[in-house]
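See structure below.
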Amino acid sequence: MQFFIEVLVGGLLSGVMYALVALGFVLIYKASGVFNFAQGAMVFFAALTFVGFQEVLPGWLGLEADSGVVFWLAFLLAFIAMIVLGIATERIVLRPLVNQPHITLFMATIGLTYVVEGIAQMTWGANVRGLDLGIVDEPIAWLMDNYEIGVSKFDLFAAGVAASLVALLALLFQYTKVGRALRAVADDHQAALSIGIPLQTIWRVVWAVAGFVALVAGMIWGARNGVQFALTFTALKALPVLILGGFTSVPGAIVGGLIIGASEKLAEVYVGPFVGGGIEGWFPYMLALAFLLFRPEGLFGEKHIDRV
Amino acid sequence: MKLKKTVLLGAIIAGLLGSSLASANEEQFIGLPSYRVGPYAAGGSGLFGGWIDYMQLVNERDGGVNGVKLSWEECETEYNNARGVECYERLKKKGSTGNSVFQPVSTGITYSVLEKVAQDKIPMVTIGYGRTDAADGRVFPWVFPMITTYWSQASAIVNYMGQKEGGMDKLKGKKIGLLYHDSAYGKESHAIMDKLAAKHGFEVIKIAVAHPGNEQQSQWLQIRQAKPDYVVLWGWGVMNPTAIKAAAKTGFPREKLIGVWWSGAEEDTIPAGPAAKGFVAAGFNVAGANYPVIADIKKHVYGKNKGNMEDKTRVGSVYYNRGVVHGIITVEAIRKAQEKYGKGKALTGEQVRWGFENLNLDDARLKALGATGFLPPLKITCADHEGPGKVKFQQWDGNQWKVITDWVDSDRPLVRGMIEESAAAYAKEKGIKPRDCSKES
């Protein structure tokens, strides 16, 4: 039983990590109806820019490499880089494609993926870097000693960050002017434009917020596995989460993440050995596909109704 | 008549001058299917940087191989099979004599061009990867999986465990976890580990990790439950630091986590941070800049600002040194082939193949190259395209790799038996008549 609980809790916490990446997709999809294929590349770009600045800032400013000033300055500069990337994407990629079919915008984001990956590696190099956030990835001793259940401190920290991020985004959407405008754009582009909501500004805001989410996700995943190209693969983990939770729901991303995380770990441990193992890669997709049969819009997605 | 004679004499002199000039300008072309962008760029940039630096060293310090300058061109594969084949085709006719050797640095690309190299008469060298049974040169005359193969490596790792336990007989009843990348590369370990388990009486617990391997919680929970004595990490890319961190998280001692050579580079340990301290990995080359060959590269190549590495601190890293090993083997095969086909001449791929097949890097030669202990002594024959099958073990001390063993042997009779069996099955399937090596010169 302890083992089952450990697998379940570990899975739920992993799910939160997937949800962190999925949030970026949801934000952009909500505001522009675009499935941003480049979200994984943005996570990589953000994390690499952060560690890149962490490397160069001590030399530029004559500070200690592990000082708090360097950390927060690097975070700020990386966030600014994400805002610039968001604005550039809106200007160069999205604006010329206004009123084009969604599939065109989607294809444009595929191209954007390669550009973002290329710029990141051209600017900061292809070296693999470590990233230390000061949170050790080891089990909580009390749980281990008393119940023999290993729950990682780092995973709990990541869950806390994700929860804070969701709360922050919920506040932004519900209680700010920008948030209301975002919701209006998400509901109907043309209606939003007709009442004077500047679509392009909203898009820039959304891409900047998605950039912020990518930065946080990149730092957490980077601290866990290193800052390297493989961060782009985190998007693969977010896709089934989106299908399950719905492309337009922030809480959906979290709930979807929890379900996917828990089910894939349980499946790997309890079903995997009977089918040769390594099922974690495809199991979430199979689950998401099965889910699509019953609820195509996902758990929390908006139901799409067409007039005939 | 006088004019005719003068013209004739002039023509002869011009011809002689021309031919000697042509000889002075002889170049041996080597096509490099590199990967400097994409998911594995970090390893690729180090490996190809070291390889190019070594060839540059030979040009700068020695004026080439017996006066024949080495030339090369990179073709970006992004570690993608289709691009690899495209690069093979693009590079094969380059240079005055075509591509001398194709070294894909990818098992996938190796399989994709396996039959093409024989048709085009270009030797394919796969150092530490590729198709293991190609070590049987009677069936695969054009392929050279040199120094050591995956099967030899697995066997050497088990021998290392035996050493640590105080004898191979002490492995009886032990449990060895095999955490492998769920791909053809990862599964390459299964057959040999099963054979070794049967021979030495240990149990192998195989645990697959789905690509890319950036999540391994469930695998490490299974490992914790099974309580193995050792875990072999047969990983690639992000799977490696993830495994090392997960090992630390579950309290598995890093000294008992033994990586293969694609798991044992700085790119695998640095991202894992302090968790990697104590981690051990096999390698057919070692890390470190304290070798005369590396000192020469620093002096003759970086001293003239002709180095390939943007980040010079990586000179001497595992991947960089592996690239230097590729360079040494390529250059020495060309040198050997020139002994037969003419010194100072650019050679065809077919001629260079002979050089690979008769390569003998003994202790004396390695010393002359400034590479004693850098790679194992190597002797290739018509039948044996692998060579020594030895590895050294290195341990990460938190900052760098430290060599902790001498060259550790594999179980040669067992491995060679498996190679011959598998190669014979391939030959039967493809209708290939194995060469009679007693008739080869």
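Protein sequence lines, in the order shown, are assigned to chains A and B.
Residue 194 in numbering that gives the first Met the number 0 sits at position 195 of the first sequence; the count goes up by one each step and never skips.
Residue 141 in numbering that gives the first Met the number 0 sits at position 142 of the second sequence; the count goes up by one each step and never skips.
For every residue, glycine included, the Cβ atom is placed at its ideal position computed from N, Cα and C.
Quick caveat, the model's predicted, so the values are computed rather than measured.
Residue span of the beta strand (DSSP E) that contains residue i, given as start and end
| i | result |
| --- | --- |
| TYR229/B | 229 to 233 |
| GLU70/B | Note that residue 70/B is Ser in the sequence shown, not Glu. 68 to 75 is the extent of the beta strand (DSSP E) around SER70/B. |
| TYR179/B | 174 to 180 |
| PHE105/A | No beta strand (DSSP E) holds PHE105/A; the alpha helix (DSSP H) holding it covers 101 to 123. |
| VAL402/B | 400 to 402 |
| VAL203/B | 202 to 208 |
| GLN221/B | First-last for GLN221/B: 216 to 225, but that is the alpha helix (DSSP H), not the beta strand (DSSP E). |
| ILE146/B | Careful: ILE146/B lies outside any beta strand (DSSP E) and carries neither H nor E. |
| LYS391/B | 391 to 395 |
| PHE279/B | At residue 279/B the sequence reads Val, which differs from the Phe that was named. Counting along the chain, the beta strand (DSSP E) containing VAL279/B begins and ends at 279 to 282. |
Short CB-CB distance (under 8 Å) between residue i and chain A
| i | result |
| --- | --- |
| LYS248/B | yes |
| SER22/B | Note that SER22/B scores 48 on pLDDT, short of 50, meaning its location in the model is unreliable and no value can be drawn from it. |
| THR147/B | no |
| LYS429/B | no |
| GLY107/B | no |
| ALA207/B | yes |
| CYS436/B | no |
| LYS174/B | no |
| PRO240/B | yes |
| VAL36/B | yes |
8 Å Cβ cutoff, residue i in contact with chain B
| i | result |
| --- | --- |
| ALA229/A | yes |
| GLY217/A | no |
| PRO138/A | yes |
| ASP144/A | no |
| GLN120/A | yes |
| PHE273/A | no |
| PHE2/A | yes |
| LEU11/A | no |
| GLU312/A | Outside the shown range of chain A, which is 0 to 307, sits residue 312/A, and nothing can be said about it. |
| GLY125/A | Looking at the sequence itself, residue 125/A is Ala, so the reference to Gly does not match. Cβ-Cβ to chain B under 8 Å: yes for ALA125/A. |
Residue span of the alpha helix (DSSP H) that contains residue i, given as start and end
| i | result |
| --- | --- |
| VAL33/B | The residue you asked about is not Val; residue 33/B is Ser in the sequence shown. Unbroken run through SER33/B is the beta strand (DSSP E), 26 to 33; no alpha helix (DSSP H). |
| GLN55/B | 40 to 61 |
| TRP150/B | 149 to 164 |
| GLY9/A | 1 to 31 |
| GLY258/B | Note, GLY258/B: premise wrong, no alpha helix (DSSP H); beta strand (DSSP E) at 256 to 258. |
Neighbourhood of residue i by C-beta, 7 Å cutoff - its chain only, sequence neighbours within 5 removed
| i | result |
| --- | --- |
| LYS331/B | Checking the sequence shown, residue 331/B turns out to be Glu, not Lys. The answer, listed in chain order, is LEU358, LEU360. |
| GLY245/A | GLY251, GLU296, GLY297, LEU298, PHE299, GLY300 |
| PHE290/A | ILE242, LEU243 |
| GLU265/B | SER316, VAL317 |
| LEU111/A | ALA37, THR88, VAL92 |
| ILE109/A | PHE36 |
| GLU147/A | GLN1 |
Spatial neighbours of residue i in its chain, beta-carbon cut-off 6 Å, leaving aside the 5 residues before and after
| i | result |
| --- | --- |
| GLY326/B | TRP50, TYR53, MET54 |
| LYS302/A | GLU296 |
| LEU12/A | ASP154, ALA158 |
| HIS101/A | GLY32 |
| LEU76/A | PHE52 |
| MET0/A | none |
| LEU104/A | VAL33, LEU96 |
Residue i: CB within 7 Å of a non-hydrogen atom of the ligand MG
| i | result |
| --- | --- |
| LEU230/A | Ligands are entirely absent from the displayed structure, and the ligand MG is therefore not among its contents. |
Other residues of its chain near residue i: CB distance less than 8 Å, five sequence neighbours each side excluded
| i | result |
| --- | --- |
| ILE206/B | GLY176, LEU177, LEU178, TYR179, GLN218, GLN221, ILE222 |
(request) Anything in the stretch 178 to 193 of chain B with a Cβ closer than 8 Å to a Cβ of chain A? List those residues in chain order, please. (result) ASP181
(request) Check whether the stretch 258 to 266 of chain A touches the stretch 275 to 284 of chain A, taking contact to mean three or more Cβ pairs, one atom from each stretch, closer than 8 Å. (result) yes
(message) Which residues of the stretch 294 to 322 of chain B have a Cβ closer than 7 Å to any Cβ of chain A? Give them in chain order.
(response) GLU309, ASP310
(message) Does the structure place the stretch 232 to 245 of chain B close enough to the stretch 114 to 127 of chain B that three or more beta carbon pairs sit under 8 Å?
(response) no
(message) Under 7 Å, CB to CB, which of the residues in the stretch 209 to 237 of chain B have a partner in chain A?
(response) Within the stretch 209 to 237 of chain B, the residues whose Cβ lies closer than 7 Å to any Cβ of chain A are, in chain order, ALA209, HIS210, PRO211, ASN213, GLU214, GLN216, SER217, LEU220, GLN221, GLN224, GLY236, VAL237.
(request) Count the C-beta pairs between the stretch 24 to 36 of chain A and the stretch 180 to 193 of chain A that are closer than 8 Å, then say yes if the count reaches three, no if not. (result) yes
(message) Beta carbons nearer than 7 Å to chain B: which residues of the stretch 33 to 66 of chain A have them?
(response) none
(request) Can you give me, in chain order, the residues of the stretch 249 to 266 of chain B that have a beta carbon less than 7 Å from any beta carbon in chain A? (result) THR249, GLU266
(request) Would you be able to state if there are at least three C-beta pairs under 8 Å between the stretch 299 to 318 of chain B and the stretch 47 to 62 of chain B? (result) A contact exists between the stretch 47 to 62 of chain B and the stretch 299 to 318 of chain B.
(request) Assess, as a yes-or-no matter, whether the stretch 202 to 212 of chain B is touched by the stretch 127 to 138 of chain B under the definition of 3 or more beta carbon pairs within less than 8 Å. (result) no
(request) Please confirm if the stretch 346 to 357 of chain B is in contact with the stretch 154 to 167 of chain B, defined as three or more CB-CB distances below 8 Å between the two stretches. (result) no
(request) Evaluate contact between the stretch 10 to 19 of chain A and the stretch 236 to 246 of chain A, counting only Cβ atoms and requiring at least three cross-stretch pairs below 8 Å. (result) Verdict: yes, contact present.
(message) Three Cβ pairs or more, each shorter than 8 Å: is that satisfied between the stretch 267 to 276 of chain B and the stretch 225 to 235 of chain A?
(response) yes
(request) Determine, using beta-carbon pairs with one atom in the stretch 276 to 289 of chain B and one in the stretch 398 to 409 of chain B, whether at least three such pairs fall under 8 Å. (result) yes
(request) For the stretch 37 to 47 of chain A and the stretch 203 to 217 of chain A, state whether three or more C-beta atom pairs, one from each stretch, are separated by less than 8 Å. (result) Touching, per the Cβ criterion.
(request) Would you be able to state if there are at least three C-beta pairs under 8 Å between the stretch 80 to 100 of chain B and the stretch 338 to 348 of chain B? (result) With the cut-off at 8 Å, the stretch 338 to 348 of chain B and the stretch 80 to 100 of chain B touch.
(request) Inspect the CB distances between the stretch 288 to 296 of chain B and the stretch 192 to 205 of chain B and report whether three or more fall short of 8 Å. (result) no
(message) Closer than 8 Å between beta carbons: that is the criterion. Which residues of the stretch 277 to 298 of chain A meet it against chain B?
(response) Going along the stretch 277 to 298 of chain A in chain order, one finds GLY277, ILE278, GLU279, GLY280, TRP281 with a Cβ nearer than 8 Å to chain B.
(request) Could you tell me whether the stretch 425 to 437 of chain B touches the stretch 371 to 391 of chain B, where touching means 3 or more Cβ pairs closer than 8 Å? (result) yes
(message) Which residues of the stretch 248 to 266 of chain A have a Cβ closer than 7 Å to any Cβ of chain B? Give them in chain order.
(response) LYS264
(message) What are the residues in the stretch 37 to 60 of chain B lying within 7 Å of chain A by C-beta distance?
(response) GLY37, PRO38, ALA40, ALA41, SER44
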